[in-house]
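So the structure is just underneath, and the comments pick up after that.
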Amino acid sequence: MTDAQPERRYALNQPPNVGEVIDGEVMVINLETGVYYSITGAGAVAWPMLIAGATAPEIGESLVRHYGADAATVDHDVDAFIGRLAGEGILRARQTAAHALDPVAEPPPTAFPGFGFERFDDMQALLVIDPVHEVGDFGWPPRPADGGHDR
Amino acid sequence: MNDAADVASALSLLAAALDDAVPRLPAAPRLYRIAGAIVAMRAGNRAAPLLEAFTPLGIVDDGAAATLDVFIFDAATDGVELPDTAITRRRFKHDGGLGAVAAPGIRAFFQPQAGVLSLLDEPRRRAYCWLRCAAVLPYYEHAAPLRHILQWWMLSRDGALLHSAAVGGIGGSVLIAGPSGSGKSTTALACQAAGLGFTSDDYVLVRSGAPPTVHMAYSTAKVVRTSLGAHDGYRNHFRNLDRDDEKPMLFMHEAAPERVLCSFPLRALVLPVVALRRSTRIVPATAAELLRALAPSSILLFPLAGAIAFRRMAALCRAVPCLRAELSEDPRDIAGAFTRLLRDGAIAAAQAVA
Chain X
0 MTDAQPERRY ALNQPPNVGE VIDGEVMVIN LETGVYYSIT GAGAVAWPML IAGATAPEIG
60 ESLVRHYGAD AATVDHDVDA FIGRLAGEGI LRARQTAAHA LDPVAEPPPT AFPGFGFERF
120 DDMQALLVID PVHEVGDFGW PPRPADGGHD R
Chain C
0 MNDAADVASA LSLLAAALDD AVPRLPAAPR LYRIAGAIVA MRAGNRAAPL LEAFTPLGIV
60 DDGAAATLDV FIFDAATDGV ELPDTAITRR RFKHDGGLGA VAAPGIRAFF QPQAGVLSLL
120 DEPRRRAYCW LRCAAVLPYY EHAAPLRHIL QWWMLSRDGA LLHSAAVGGI GGSVLIAGPS
180 GSGKSTTALA CQAAGLGFTS DDYVLVRSGA PPTVHMAYST AKVVRTSLGA HDGYRNHFRN
240 LDRDDEKPML FMHEAAPERV LCSFPLRALV LPVVALRRST RIVPATAAEL LRALAPSSIL
300 LFPLAGAIAF RRMAALCRAV PCLRAELSED PRDIAGAFTR LLRDGAIAAA QAVA
């Protein structure tokens, strides 16, 4: 994990990453590695601010106001979240903020949901082979009980 | 780090060499209507079988100008060698995981294993596909020919080539989106066998609109060898039966021409899930679920299309109802569920399922 620096500002590291916000979730795909990510909860709420260049304290303050959550908890989670994204190469540093977006515009949740972050590497094989799609017998992927796996 | 001038120079060298070789191809093109636009394709005898997958899209020449001219060369029989460049040596840093390079207006992708170079010169509305040996192409090149060129071309046509199956009826079609092995082909073939129209089992063209429109890209259907018995009626139409290392495939315009659907409005996106249920159940899904199912493989299979194609896929997932099909093991049951889904009002009802 890369430690977040309080005053550092970030943008989406594109290329190689591409990102979209959809349905309260952020999906990021790294086109070089084939790894893709799902960011949910407070991470999806904070995402527009983060890639527009808001600092960790600015994001934390906004989330505390939005959720009415404990500041120490939120600040810790924001730092960990940014560190995780930076460690995955999803973020690059920038000098100034493009514009600060306040997540207060989102409907207020009942409680601070925490930062959801999932990493998927099941597509990496596509980058090293020609696109031959294989499935198991009878057109279905093998069942786990058959000793198979999902691909 | 790539030097932009070196990339542009290498691309120009390749385009010029292929352009010089155009007179070696037959003068009369074959014309196709692909995603609403006329595409003229020219190929010599050895490379021409690559066009079979486009057969249902063929049109007669009425004098209308083509939007894109595609030239397909077989190196040996057409006498076309590629100049030695950093692209064919794959010396440039890859832009995108599969390795491809671009300069303003020109994109190229060289697949050394298959021996295929795809190049689109967009300002000149020309595309070139060079085959090292058309006679020994892997089956998937016949199943989905020119797919990189089509994907890049669609970027300027408000569309994208998606890794998805599509089936439909008179009222419209649904995309069946999911990673390889999720049940796309099996579902598409089951639906086709039950009487629904077939647009794709693997790759499909989609253009934005209200509603978005689904267009056939290829008439191909593939099955795993062990499931051939389930498609016995089409046994005479399968190719590759003598090649254990390749998937049997057929062209739907030969096997069941009455089922071929070339273009239809999109009504819903469906994520198939192998659930081994007694009966197939279709329930609401989130747009994010469908984007996760659709985007990674669609984007990663197509270098140099990533950001634009991803944005279009997200827009598509926001624009139409998203559903999840929890599949049974019985193809007839699956087909029945999709047939019912395409009836008037059924998609809205499926969205309302708790």
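Going down the list, the protein sequences come from chains X and C.
Be aware that the first sequence starts at 0, since it is given in numbering that gives the first Met the number 0, and climbs by one per residue.
Be aware that the second sequence starts at 0, since it is given in numbering that gives the first Met the number 0, and climbs by one per residue.
Ideal Cβ positions, reconstructed from N, Cα and C, are used throughout, including at glycine.
query                                                                                                                                      : result
Between the CA atoms of E24(X) and D78(X) - distance to the nearest angstrom                                                               : 19 angstroms
Nearest-angstrom Cα separation, counted from A71(X) out to L160(C)                                                                         : 47 angstroms
Proximal residues of chain X, C-beta to C-beta of I148(C) below 9 angstroms                                                                : Those do not exist, as I148(C) stays about 15 angstroms from chain X at its closest Cβ, beyond 9 angstroms.
Chain-ordered neighbours of E87(X) on chain C, where CB pairs are closer than 7 angstroms                                                  : Within chain C, no residue comes near E87(X); the closest Cβ sits about 15 angstroms away, beyond 7 angstroms.
Where the alpha helix (DSSP H) containing D74(X) begins and where it ends                                                                  : 70 to 86
Beta-carbon gap between Y31(C) and I71(C) smaller than 8 angstroms                                                                         : no
Option in Y138(C), S163(C), L265(C) with minimal Cα separation from P271(C)                                                                : S163(C)
Listed by chain order, chain X residues near C316(C) by CB distance under 7 angstroms                                                      : I21
Touching by the beta-carbon criterion (3+ pairs, under 8 angstroms), the region 285 to 300 of chain C and the region 317 to 328 of chain C : yes
Neighbouring residues, chain C, relative to Y35(X) (Cβ below 7 angstroms)                                                                  : P295
Interface flag, I38(X) vs chain C, CB-CB below 8 angstroms                                                                                 : no
Listed by chain order, chain X residues near F309(C) by CB distance under 7 angstroms                                                      : V17, E19, I28
One or two residues paired with T212(C) in a DSSP bridge                                                                                   : R206(C), P264(C)
Exposure label - H75(X); buried when at least 16 CB within 10 Å                                                                            : exposed
Beta-carbon spacing of G40(X), Y9(X) below 8 angstroms                                                                                     : no
Exposure of C132(C), with buried meaning 16 or more beta-carbon neighbours within 10 Å                                                     : exposed
Cβ neighbour criterion (16 or more within 10 Å) applied to L275(C)                                                                         : exposed
S117(C) classed as buried or exposed, judged by whether at least 16 other C-beta atoms fall within 10 angstroms                            : buried
Classification of D343(C) by the beta-carbon crowding that lies within 10 angstroms, buried from 16 upward                                 : exposed
D201(C) versus L154(C), H230(C), M251(C), D241(C), residue with shortest Cα-Cα distance                                                    : M251(C)
Any chain X beta carbon closer than 8 angstroms to G114(C)                                                                                 : no
Under 9 angstroms by beta carbon: chain X residues contacting T285(C)                                                                      : I21, D22, G23, E24
Simplified DSSP state of F53(C), which is helix, strand or coil                                                                            : helix
Distance CB(D73(C))-CB(A34(C)) smaller than 8 angstroms                                                                                    : no
Neighbour list for R291(C) in chain A, Cβ cutoff strictly below 7 angstroms                                                                : The structure shown contains no chain A; its protein chains are X and C.
Reference R331(C); option with closest CA among D19(C), L195(C), L145(C), A20(C)                                                           : L195(C)
Residue range of the unbroken alpha helix (DSSP H) whose run includes K183(C)                                                              : 183 to 192
Nonlocal neighbours in the same chain, by C-beta distance under 6 angstroms from M0(C), ignoring five residues either side                 : Legend: pLDDT at M0(C) = 43, less than 50; position of this residue unreliable, no value from coordinates given.
Length of the line joining the Cα atoms of L303(C) and F53(C)                                                                              : 24 angstroms
CB contact check: A193(C) to chain X, cutoff 8 angstroms                                                                                   : no
Residue(s) in a DSSP beta bridge with H363(C)                                                                                              : No answer is possible for residue 363(C): the residues shown for chain C start at 0 and end at 353.
Below-8 angstroms beta-carbon distance, I298(C) vs any chain X residue                                                                     : yes
Where V63(X) falls: helix, strand or coil (DSSP)                                                                                           : helix
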